[in-house]
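Notes follow the structure.
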Amino acid sequence: MSEVTKITEKIVKFRDERDWMQFHDPKNMAVSIILEASELLEHFQWKTKEEVEKYVMQNNAEIKDEIADIALYLFELADNLGISLVGAMEEKLKKNEMKYPIEKAKGRHTKYNKL
121 MSEVTKITEK
131 IVKFRDERDW
141 MQFHDPKNMA
151 VSIILEASEL
161 LEHFQWKTKE
171 EVEKYVMQNN
181 AEIKDEIADI
191 ALYLFELADN
201 LGISLVGAME
211 EKLKKNEMKY
221 PIEKAKGRHT
231 KYNKL
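All residue numbers for the sequence shown refer to this note's numbering, where the first residue is 121 and numbers rise by one.
As structure tokens, then:
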């Protein structure tokens with residue numbers, strides 16, 4: 121059993137023991153992912169690169185919790201929709217390889233349609 125499968129089963133068990141599936145429709149899960157991502161972003165708002173480096177060292181536990189919250193909702197949403205998260209990521213990487221060929225994209229942050 122893969123680590124993704126194991127953690128997804130733990131997430132589902134946690135949710136089901138609390139009878140929360142009724143609240144975990146796709147819209148609410150997507151909203152929750154954005155809210156948690158916003159909480160992660162708040163840690164970096166208005167900070168310079170140097171300030172961020174120091175802040176991350178001092179606030180690593182809080183940042184880790186926000187990243188975990190995002191992942192928990194994302195894994196559950198994928199499971200609820202019957203989407204293999206690893207499969208979807210592999211497919212997206214293949215698409216990105218086509219959109220961002222090394223010879224055009226290496227060292228550049230330009231969007232694919234401007235390369």
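The beta carbon of each residue, even a glycine, is placed where N, CA and C say it ideally should be.
Computed from a predicted structure; not experimentally measured.
Among the options, the one whose alpha carbon lies nearest that of residue i
{"i": "Ser-152", "options": "Ile-183, Leu-192, Lys-174, Ala-225", "result": "Leu-192"}
{"i": "Asn-222", "options": "Glu-211, Leu-235, Val-206, Ile-190", "result": "Asn is not the amino acid found at residue 222; the sequence shown has Ile there. Ranking Glu-211, Leu-235, Val-206, Ile-190 by Cα distance to Ile-222 puts Leu-235 first."}
{"i": "Asn-216", "options": "Asn-233, Leu-205, Asn-179", "result": "Asn-233"}
CB contact flag (residue i, residue j, <8 Å)
{"i": "His-144", "j": "Asn-200", "result": "yes"}
{"i": "Val-124", "j": "Val-206", "result": "yes"}
{"i": "Ala-208", "j": "Ala-198", "result": "yes"}
{"i": "Arg-135", "j": "Glu-196", "result": "yes"}
Element boundaries [alpha helix (DSSP H), containing residue i]
{"i": "Arg-138", "result": "No alpha helix (DSSP H) contains Arg-138, which DSSP labels as neither H nor E."}
{"i": "Ile-154", "result": "146–162"}
{"i": "Met-121", "result": "Unbroken run through Met-121: none, as it is neither H nor E."}
**Asked** Okay, do the stretch 129–136 and the stretch 153–162 touch, 3+ Cβ pairs below 8 Å being the bar?
**Response** no
**Request:** Return the chain-ordered ranges of every beta strand (DSSP E) run that is complete within the stretch 165–197 and spans a minimum of 3 residues.
**Result:** none
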